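Structure, as structure tokens:
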Amino acid sequence: MRAFEYLSPKTLEAASAAVRTAPEGARIIAGGQDLLGELKERIATPGRVVSLKAVPGLRGIREESGSLRIGALATVQEVAESPLVREKAPALAEAATSVGTPQIRALGTVGGNLCQRPRCWYYRLADFPCLKKGGGTCFAVEGDSRYHAILGGGPCHIVHPSDLAVALVALDASVEVVGAKGRRTIPIADLYALPAVDASRETTLAPDEIVAEVSVPAGARSAFRKFREKLSLDFAVVAAAVALGPKGPRVALGGVAPVPWRSREAEAALGAKPVTAESAAAAATAALAPAKPLKNNRYKVPLACAVLRRTILAAAGVADPGPPAPPATPAPTKKAGEDF
Ligand SMILES: Cc1cc2nc3c(=O)[nH]c(=O)nc-3n(C[C@H](O)[C@H](O)[C@H](O)COP(=O)(O)OP(=O)(O)OC[C@H]3O[C@@H](n4cnc5c(N)ncnc54)[C@H](O)[C@@H]3O)c2cc1C
Numbered sequence: 000m001r002a003f004e005y006l007s008p009k010t011l012e013a014a015s016a017a018v019r020t021a022p023e024g025a026r027i028i029a030g031g032q033d034l035l036g037e038l039k040e041r042i043a044t045p046g047r048v049v050s051l052k053a054v055p056g057l058r059g060i061r062e063e064s065g066s067l068r069i070g071a072l073a074t075v076q077e078v079a080e081s082p083l084v085r086e087k088a089p090a091l092a093e094a095a096t097s098v099g100t101p102q103i104r105a106l107g108t109v110g111g112n113l114c115q116r117p118r119c120w121y122y123r124l125a126d127f128p129c130l131k132k133g134g135g136t137c138f139a140v141e142g143d144s145r146y147h148a149i150l151g152g153g154p155c156h157i158v159h160p161s162d163l164a165v166a167l168v169a170l171d172a173s174v175e176v177v178g179a180k181g182r183r184t185i186p187i188a189d190l191y192a193l194p195a196v197d198a199s200r201e202t203t204l205a206p207d208e209i210v211a212e213v214s215v216p217a218g219a220r221s222a223f224r225k226f227r228e229k230l231s232l233d234f235a236v237v238a239a240a241v242a243l244g245p246k247g248p249r250v251a252l253g254g255v256a257p258v259p260w261r262s263r264e265a266e267a268a269l270g271a272k273p274v275t276a277e278s279a280a281a282a283a284t285a286a287l288a289p290a291k292p293l294k295n296n297r298y299k300v301p302l303a304c305a306v307l308r309r310t311i312l313a314a315a316g317v318a319d320p321g322p323p324a325p326p327a328t329p330a331p332t333k334k335a336g337e338d339f
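According to numbering that gives the first Met the number 0, the stretch in the sequence shown is residues 0 to 339, in order.
Put into structure tokens, the structure is as follows:
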């Protein structure tokens, strides 16, 4: 780990200025679960680390004017256990409950979860000079792409690791950020940008911008489901969140794209009609129609389709009749003189 200067300012404005004025680069630290790993592995080598822990008012979850307001330093565990979140934004509570282990949820913060860096094994190994680290190639294209993107990939093919972000995109949340130009509020979907925009980063935040608060419209019916390889602790291989609110259905997928992936195809297929088993299956198929798997991750297409279909049904409170029957295989025809 490179030695760094540690600052703990008392306001967000001072924290932003401390990042801006760092002569050898700076990073924000919240729970530290992701950043410390990056520092130890020398994936990140800032000269300054700026803690948010001494900034008052960044914790807590409250309801205000029909929205839940969640501070950036609220922990994932606080979100998972909040009666307000469970009642008014169930997909978010379910997503938070699915994160890591109790220890990880107790330390990880909402802001850190939304801004965590990808878990791609090529990115996390200093020996691979991938596009994210300023190199010239995405090693997943020719290498092991089991856990990489099937939607929105290229030139880098990471998947975004945040479960909370998937739920928040479906719930149509927004984030308030603080930087050199003051405060601004952006829809959560605009917090993220595809690698085609800039492969070295996942968010649209300026380097000195800090997430202060997340605002979530309260009251939509919603659900979140996640498929992971290890039930005890694992990032999503595939996740889905669906909200059925006054603006119509909102559908988001996780584990499949470099950003939490909003599926307008699935939303259009669901339309304004009540959800049925048939419309859920059709929407899930529509969501995955644009998928472009890599060499080793074709399996994610039917998996995401199944997870999304179930999530749509769960959000609507419709019983799951099981997967739709596969198309009938035509009986082989026998040509004259041919034996089977
Ligand atoms: C073993 C393991 C398993 C995990 N499993 C899951 C999982 O299943 N699902 C899931 O969603 N997550 C998972 N996580 C992530 C975890 O939930 C934490 O949320 C995450 O590590 C970061 O939270 P943190 O507060 O520790 O952030 P930090 O490590 O402090 O920061 C993470 C990044 O965000 C930036 N940052 C932090 N706060 C802010 C802010 N307010 N504004 C702007 N930038 C900020 C930092 O500069 C840094 O780049 C897992 C982590 C581990 C270590």
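Backbone N, C-alpha and C fix where the C-beta goes; we use that ideal spot for every residue, glycine too.
Computed from a predicted structure; not experimentally measured.
By the DSSP assignment, the beta strand (DSSP E) with residue i in it spans what residues?
i	result
Arg183	Gly181 to Pro186
Pro216	Ile209 to Pro216
Ala239	Val237 to Gly244
Ser199	First-last for Ser199: undefined, no H or E at that position.
Lys225	Arg220 to Phe226
Leu232	From DSSP, Leu232 is part of no beta strand (DSSP E); its letter is neither H nor E.
His204	This sequence places Leu at residue 204; His is not what is there. Careful: Leu204 lies outside any beta strand (DSSP E) and carries neither H nor E.
Leu6	Glu4 to Leu6
Taking just the CA atoms, how far does residue j sit from residue i?
i	j	result
Arg19	Ala240	35 Å
Val174	Ala125	32 Å
Lys39	Pro128	17 Å
Ala290	Gln32	32 Å
Pro320	Gly59	40 Å
Val215	Arg116	23 Å
Thr96	Gly46	35 Å
Gly270	Cys304	18 Å
Tyr146	Trp120	9 Å
Val109	Ser278	33 Å
Leu232	Ser64	36 Å
Lys150	Asp171	The sequence shown places Leu at residue 150, rather than the Lys named in the question. Spanning the two alpha carbons is a distance of roughly 20 Å.
Ala198	Cys155	6 Å
Pro89	Ala222	6 Å
Arg261	Ala242	12 Å
Val168	Met0	35 Å
Gly99	Val78	14 Å
Ala282	Leu83	30 Å
Ala29	Glu212	13 Å
Ala315	Leu67	21 Å
Gly133	Phe234	25 Å
Pro292	Ile27	34 Å
Pro22	Gly70	29 Å
Ser81	Gly135	44 Å
Asp143	Asn295	7 Å
Ala73	Cys114	14 Å
Arg61	Thr184	18 Å
Val49	Ala195	29 Å
Ala280	Pro322	8 Å
Arg227	Pro325	24 Å
Lys299	Ala166	19 Å
Glu266	Pro245	13 Å
Gly36	Ala285	38 Å
So, helix, strand or coil for residue i, using DSSP?
i	result
Pro365	For the chain, the structure presents residues 0 to 339; residue 365 sits outside this window and is missing.
Ser278	helix
Thr100	coil
Leu190	helix
Leu72	coil
Val255	coil
Glu264	helix
Ala290	coil
Leu83	helix
Leu269	helix
Thr328	coil
Tell me where the alpha helix (DSSP H) around residue i begins and ends.
i	result
Pro301	Lys299 to Ala315
Glu62	Note, Glu62: premise wrong, no alpha helix (DSSP H); beta strand (DSSP E) at Ile60 to Glu63.
Glu80	Val75 to Glu80
Quick check for students: name the residue ranges of the beta strand (DSSP E) that lie wholly in the segment 8-52, counting only runs of 3 or more. If we require 3 residues or more, the beta strand (DSSP E) runs fully inside the segment 8-52 come out as 25-28 and 47-50.
Could you name each continuous beta strand (DSSP E) segment of 3 residues or more that falls completely within the segment 107-182, going from the start of the chain to the end? Within the segment 107-182, the complete beta strand (DSSP E) runs of at least 3 residues are 173-178.
Contact the segment 274-291 vs the segment 309-320: 3+ CB pairs below 8 Å: Because the criterion of three Cβ pairs below 8 Å is met, the segment 274-291 and the segment 309-320 touch.
Report yes or no: do three or more beta-carbon pairs, one from the segment 4-15 and one from the segment 48-59, lie closer than 8 Å? At 8 Å Cβ cutoff, the stretches touch.
Report yes or no: do the segment 175-183 and the segment 200-209 share at least 3 C-beta pairs separated by less than 8 Å? Yes: at least three Cβ pairs fall under 8 Å.
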